[in-house]
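What follows is one structure encoded as structure tokens, with my remarks underneath.
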Amino acid sequence: MELLELNATQFQDMIVSGSEYLTENVDLVNSLNVFPVPDGDTGTNMNMTFISGRDYLLKEEGDHVGEAALNLAKGLLMGARGNSGVILSQIFRGFSQAIKEEKHLDAKTFVAAFAGGVESAYKAVMKPVEGTILTVAREAAIAGEKQLKESSDIIEIMRAIVDGATLALESTPDLLPVLKQVGVVDSGGKGLLCIYEGFLANLTGEKVISKNKAVKDESHAHAIFSEMNEEMPLRMEDITFGFCTEIMVRLDQNKNNFDEQDFRQTLNQMGDSLLVVADDEIVKVHVHTENPGKVMQLGQEFGELIKIKVDNMREQVRELERQDQQIQPHSQQTDKKYAIVTVAAGKGMIELFKSMGVDYVLAGGQTMNPSTEDFVKAIDQLHAEEIIILPNNKNIIMAAEQVSQVSDKSIHVIPTKTIPQGIAALISFNPEMDVESNLEHMSEMSQSIKSGQITYSIRDTEIDGVNIKKDDFMGIIDNKIKFSHPELETCLLETLLQMVNDHSELATVLVGEDGDLGLAEATADQVNQVFADVEFEIIQTDQPVYHYIMSVE
Numbered sequence: 001m002e003l004l005e006l007n008a009t010q011f012q013d014m015i016v017s018g019s020e021y022l023t024e025n026v027d028l029v030n031s032l033n034v035f036p037v038p039d040g041d042t043g044t045n046m047n048m049t050f051i052s053g054r055d056y057l058l059k060e061e062g063d064h065v066g067e068a069a070l071n072l073a074k075g076l077l078m079g080a081r082g083n084s085g086v087i088l089s090q091i092f093r094g095f096s097q098a099i100k101e102e103k104h105l106d107a108k109t110f111v112a113a114f115a116g117g118v119e120s121a122y123k124a125v126m127k128p129v130e131g132t133i134l135t136v137a138r139e140a141a142i143a144g145e146k147q148l149k150e151s152s153d154i155i156e157i158m159r160a161i162v163d164g165a166t167l168a169l170e171s172t173p174d175l176l177p178v179l180k181q182v183g184v185v186d187s188g189g190k191g192l193l194c195i196y197e198g199f200l201a202n203l204t205g206e207k208v209i210s211k212n213k214a215v216k217d218e219s220h221a222h223a224i225f226s227e228m229n230e231e232m233p234l235r236m237e238d239i240t241f242g243f244c245t246e247i248m249v250r251l252d253q254n255k256n257n258f259d260e261q262d263f264r265q266t267l268n269q270m271g272d273s274l275l276v277v278a279d280d281e282i283v284k285v286h287v288h289t290e291n292p293g294k295v296m297q298l299g300q301e302f303g304e305l306i307k308i309k310v311d312n313m314r315e316q317v318r319e320l321e322r323q324d325q326q327i328q329p330h331s332q333q334t335d336k337k338y339a340i341v342t343v344a345a346g347k348g349m350i351e352l353f354k355s356m357g358v359d360y361v362l363a364g365g366q367t368m369n370p371s372t373e374d375f376v377k378a379i380d381q382l383h384a385e386e387i388i389i390l391p392n393n394k395n396i397i398m399a400a401e402q403v404s405q406v407s408d409k410s411i412h413v414i415p416t417k418t419i420p421q422g423i424a425a426l427i428s429f430n431p432e433m434d435v436e437s438n439l440e441h442m443s444e445m446s447q448s449i450k451s452g453q454i455t456y457s458i459r460d461t462e463i464d465g466v467n468i469k470k471d472d473f474m475g476i477i478d479n480k481i482k483f484s485h486p487e488l489e490t491c492l493l494e495t496l497l498q499m500v501n502d503h504s505e506l507a508t509v510l511v512g513e514d515g516d517l518g519l520a521e522a523t524a525d526q527v528n529q530v531f532a533d534v535e536f537e538i539i540q541t542d543q544p545v546y547h548y549i550m551s552v553e
């Protein structure tokens with residue numbers, strides 16, 4: 001059997017098969033866990049993201065592969081959940097852009113789609129790290145390009161792509177030591193391989209047997225994408241280019257011819273954290289630079305600037321003023337300067353954010369990552385000049401940041417990675433200040449506190465010298481496991497003692513649905529015997545997953 005051309009119907013069937021393969025393997029992808037915490041969701045996030053893309057694709061009938069691919073990419077963008085889902089959406093954004101003009105795909109354009117996906121994904125990630133889904137996507141595309149030199153058969157090319165992805169996935173522990181330490185391959189890469197295996201299964205009409213074992217044993221459960229791979233430069237010392245600059249350009253055909261690649265390369269020399277999204281009419285740019293004026297001048301060479309936003313990321317401002325507002329907006333709500341959207345789980349936690357004046361609380365967090373579309377729907381109900389989003393989870397940040405690509409509103413994401421960081425950012429918000437000052441101050445304050453969590457281990461492992469047994473309680477401080485013990489009381493006390501020091505003034509303990517308020521109070525008394533000047537605030541918030549969430553400032 002040989003396939004020299006792929007039509008729109010065959011393309012659609014291939015995508016559906018990829019979606020089905022990923023769905024079948026969700027639990028396996030979720031089992032590839034670096035941290036043994038019960039909050040794994042990489043497989044779930046990727047699956048829900050790809051299902052969204054598949055559904056958008058199936059809504060439209062047609063005989064044009066390029067148009068079908070663009071529908072797929074649109075659905076993936078709107079449905080993107082978690083870092084792994086966002087990166088997956090970017091892979092297929094590049095995939096679709098590379099073939100958008102093609103009614104049918106031959107071997108050459110088929111390979112170009114995968115190569116385009118790699119280029120788009122690497123540009124979308126601020127600090128690309130090898131040993132992740134990016135590596136798997138790149139090596140798979142390279143394998144396809146090599147096979148193209150030998151054959152014009154799309155089936156053989158897809159087979160080579162799967163083989164390349166498989167080998168790349170097996171190499172991820174050699175590229176990321178933390179994967180080798182725990183004995184797993186990268187979960188996002190495994191999810192992508194499942195999709196590609198589904199593509200091949202459809203093209204051949206045969207069930208593909210995965211050659212990759214994925215894990216060293218069967219004792220794993222609940223996984224997360226290696227979120228350490230998408231660290232955002234939040235600390236002041238990490239800022240090289242101090243102005244977060246965003247522009248939107250309405251292209252003018254009477255001016256210079258616009259070439260997206262040349263435009264991107266020019267911008268890349270002006271700073272970092274670059275993201276360029278363009279279509280035939282509009283170009284949206286996000287870049288960190290020392291000279292925002294040059295970015296604007298470049299945009300004006302191709303059309304009219306219709307939106308400009310420059311945030312001084314070094315400016316330091318401190319003030320506090322916030323009025324209580326309803327958790328969800330009313331339809332008759334009048335326009336105002338600011339609205340804040342945040343993410344939280346647990347009745348008490350939601351009420352806490354409500355009391356601090358948040359306009360819209362999206363239910364979610366660990367194991368329940370909201371999609372880009374969830375954020376868009378929330379924001380559509382808000383009537384404000386500036387929308388500030390607090391994700392409160394590092395696996396939600398990228399989905400939140402994609403909102404600006406599909407919304408005309410002025411969106412700002414403070415990349416809070418924990419609930420305490422979100423609370424600290426809210427405390428420092430001042431509705432009378434300008435947006436640049438608010439964003440800088442909120443970001444700074446969110447990074448000024450220590451965050452801690454207590455949960456249990458779902459398997460035996462050893463991470464960073466900490467020996468962890470299944471069902472042990474673990475103390476996590478600033479996203480690193482610092483302590484493990486079979487007794488909850490001991491774990492809570494020792495974790496708090498590691499967080500508090502002689503300079504600490506306030507410690508907050510948020511009690512989860514599996515936590516005990518009395519234990520938190522007793523532990524606070526014990527800590528005060530060592531650090532008498534620390535004031536404790538203990539709140540019942542009923543969050544899932546974590547018995548206790550703590551902050552120290």
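Residue 170 in the UniProt record's numbering sits at position 170 of the sequence shown, with consecutive numbering throughout. Quick reminder that beta carbons are idealized off the backbone N, C-alpha and C, glycines included.
- Can you pull the DSSP bridge partners for THR508? The residue given as residue 508 occupies position 508 in the sequence shown. DSSP, once it has assigned bridges, lists GLU537 and SER551 as partnering THR508.
- Message: Pop quiz: PHE243 and PRO292 are said to be a contact at Cβ under 8 Å. What is the actual Cβ separation, rounded to whole angstroms?
- Response: Walking along the sequence shown from the start, residue 243 turns up at place 243. Walking along the sequence shown from the start, residue 292 turns up at place 292. Between PRO292 and PHE243 the Cβ distance is about 5 Å, and since that is below 8 Å, they are a contact.
- Item | DSSP-derived helix/strand/coil call for ALA378 | Locating residue 378 in the sequence shown gives position 378, counting from the first residue. ALA378 falls in the helix class under three-state DSSP.
- How many Å lie between TYR360 and GLU436 at the Cα? For the purposes of this step, residue 360 is identified with residue 360 of the sequence shown, where counting begins at 1. For the purposes of this step, residue 436 is identified with residue 436 of the sequence shown, where counting begins at 1. Rounded to the nearest angstrom, the two C-alpha atoms are 21 Å apart.
- Give the DSSP bridge partners of CYS491, in chain order. The residue given as residue 491 occupies position 491 in the sequence shown. The partner list for CYS491 (beta bridge, DSSP) is empty, contrary to what the question assumes.
- Query: Distance, Cα to Cα, LEU148 vs VAL111?
  - Reply: Taking the first residue of the sequence shown as 1, we reach residue 148 at position 148. Taking the first residue of the sequence shown as 1, we reach residue 111 at position 111. Straight-line Cα distance between these residues: approximately 8 Å.
- Under the three-state DSSP convention, the category residue 604 falls into: As displayed, the chain neither begins before 1 nor continues past 553, which places residue 604 out of reach and without an answer.
- Let me know if VAL308 comes out buried or exposed under the rule of 16 or more other beta-carbons within 10 Å of its beta-carbon. As a first step, residue 308 must be located in the sequence shown, where it is residue number 308. Inspection of the sequence shows that residue 308 is occupied by Ile rather than by Val. The residue in question, ILE308, is exposed, as its Cβ has fewer than 16 Cβ neighbours within 10 Å.
- Check each candidate in GLY85, GLY183 and ALA113 and name the one with the smallest Cα separation from GLU462. On the sequence shown, position 462 is the one that residue 462 refers to. For the residues GLY85, GLY183 and ALA113, the minimum Cα distance to GLU462 belongs to GLY183.
- Taking ASN438 as part of the beta strand (DSSP E), name the residues at either end of that continuous run. Translated into positions along the sequence shown, residue 438 becomes position 438. First-last for ASN438: 435-446, but that is the alpha helix (DSSP H), not the beta strand (DSSP E).
- Can the beta-carbon of ASP472 be found closer than 8 Å to that of PRO486? Within the sequence shown, numbered from 1, the residue matching residue 472 stands at position 472. Within the sequence shown, numbered from 1, the residue matching residue 486 stands at position 486. Between ASP472 and PRO486, the C-beta spacing is below 8 Å.
- Query: First and last residue of the beta strand (DSSP E) that includes GLN543?
  - Reply: Residue mapping note: residue 543 aligns to position 543 of the sequence shown, counting from 1. Where GLN543 is concerned, there is no enclosing beta strand (DSSP E), because DSSP gives it neither an H nor an E.
- Would you say ILE411 and ILE449 are within 8 Å of each other, going by their C-beta atoms? Numbered from 1 along the sequence shown, position 411 holds the residue referred to as residue 411. Numbered from 1 along the sequence shown, position 449 holds the residue referred to as residue 449. No. Outside cutoff.
- Task: Enumerate, from N- to C-terminal direction, the unbroken alpha helix (DSSP H) stretches of 4 or more residues contained entirely within the region 3-42.
- Result: 8-24 and 26-30
- Task: Could you check the C-alpha separation between VAL26 and LYS409 for me, to the nearest Å?
- Result: One-based indexing of the sequence shown puts residue 26 at position 26. One-based indexing of the sequence shown puts residue 409 at position 409. So the two alpha carbons sit approximately 34 Å from each other.
- Write down every uninterrupted run of the beta strand (DSSP E) in the region 379-431 whose length is 3 residues or greater and which is fully enclosed by it, in chain order. 384-390 and 410-413
- Three-state secondary structure assigned by DSSP to ASN268: Locating residue 268 in the sequence shown gives position 268, counting from the first residue. Of the three classes helix, strand and coil, the one that applies to ASN268 here is helix, per DSSP.
- Query: At what residues does the alpha helix (DSSP H) containing LEU192 begin and finish?
  - Reply: Mapped onto the sequence shown, residue 192 falls at position 192. Unbroken alpha helix (DSSP H) run through LEU192: 187-204.
- Measure the CB-CB distance between VAL500 and THR541 and report whether it falls below 8 Å. Here the question's residue 500 lines up with position 500 in the sequence shown. Here the question's residue 541 lines up with position 541 in the sequence shown. Contact: no.
- Message: Does the distance between the C-beta of ILE411 and the nearest non-hydrogen atom of the ligand FMN fall short of 7 Å?
- Response: For the structure depicted, the ligand FMN is absent and the ligand set is empty, with no information on it obtainable.
- Query: Counting Cβ pairs closer than 8 Å, one from the region 94-114 and one from the region 145-160, do we hit at least three?
  - Reply: yes
- Query: In terms of DSSP beta bridges, what is GLU484 paired with?
  - Reply: One-based indexing of the sequence shown puts residue 484 at position 484. A small correction: the amino acid at residue 484 is Ser; Glu does not occupy that position in the sequence shown. The partner list for SER484 (beta bridge, DSSP) reads MET474.
- Message: I'd like the list of long-range same chain contacts for LEU234, defined as Cβ closer than 7 Å, with 5 residues on each side in sequence excluded.
- Response: One-based indexing of the sequence shown puts residue 234 at position 234. Low confidence applies here, because LEU234 scores a pLDDT of 36, under 50, leaving its location unreliable and the question unanswered by this model.
- Flag this pair as yes or no: are the beta carbons of LEU167 and GLU139 separated by less than 8 Å? Here residue 167 refers to the residue found at position 167 of the sequence shown. Here residue 139 refers to the residue found at position 139 of the sequence shown. Their beta carbons are under 8 Å apart, which means LEU167 touches GLU139 by this criterion.
- Task: Can you check DSSP and say which residues form a bridge with PHE243?
- Result: Position 243 of the sequence shown, counting from 1, holds the residue named residue 243. Its beta-bridge partners are THR289 and ASN312.
- Should GLY62 and PHE92 be called a contact, given that it needs their Cβ atoms to be closer than 8 Å? In the sequence shown, residue 62 corresponds to position 62, counting from 1. In the sequence shown, residue 92 corresponds to position 92, counting from 1. Contact: no.
- Item | CA-to-CA distance, PHE483 to ASN467, given in whole angstroms | Here residue 467 refers to the residue found at position 467 of the sequence shown. Here residue 483 refers to the residue found at position 483 of the sequence shown. Rounded to whole angstroms, ASN467 to PHE483 spans 9 Å at the Cα level.
- Counting only the same chain and skipping the five closest in sequence on each side, list residues whose C-beta sits under 6 Å from that of LEU488. The sequence position of residue 488 within the sequence shown is 488, counting from 1. Excluding sequence neighbours, LEU488 sits near PHE473.
- Query: Using 8 Å as the Cβ pair cut-off and three pairs as the minimum, do the region 544-552 and the region 494-508 touch?
  - Reply: yes
- Message: My output table needs one value for GLY116: the three-state DSSP class, helix, strand or coil.
- Response: Here residue 116 corresponds to residue number 116 of the sequence shown, with the count starting at 1. Correct three-state label for GLY116: helix.
- Just curious, the beta strand (DSSP E) that ILE154 is in, first and last residue? For this step, residue 154 is matched to residue 154 along the sequence shown. Residue range 154-175 is occupied by the alpha helix (DSSP H) that includes ILE154, with no beta strand (DSSP E) assigned at that position.
- Query: For LEU57 versus GLY131, is the C-beta spacing smaller than 8 Å?
  - Reply: The count along the sequence shown starts at 1 and reaches residue 57 at position 57. The count along the sequence shown starts at 1 and reaches residue 131 at position 131. Against a cut-off of 8 Å, the Cβ pair of GLY131 and LEU57 comes out as no contact.
- Label ILE306 either buried or exposed according to how many other C-beta atoms from any shown protein chain fall within 10 Å of its C-beta, with 16 as the threshold for buried. Locating residue 306 in the sequence shown gives position 306, counting from the first residue. ILE306 comes out exposed.
- Inter-residue Cα distance where the pair is LYS100 and LEU72: Here residue 100 corresponds to residue number 100 of the sequence shown, with the count starting at 1. Here residue 72 corresponds to residue number 72 of the sequence shown, with the count starting at 1. Approximately 11 Å, taken between the alpha carbons.
- Among GLN405, LEU517 and ASP163, nearest to residue 565 - alpha-carbon criterion: An answer regarding residue 565 cannot be provided, because it is not within the stretch 1 to 553 covered by the chain.
- Task: Look up VAL361 in the DSSP assignment and give the residues it is bridged to.
- Result: Counting from 1 along the sequence shown, the entry for residue 361 is found at position 361. For VAL361, which the question treats as bridged, DSSP gives the partners THR342.
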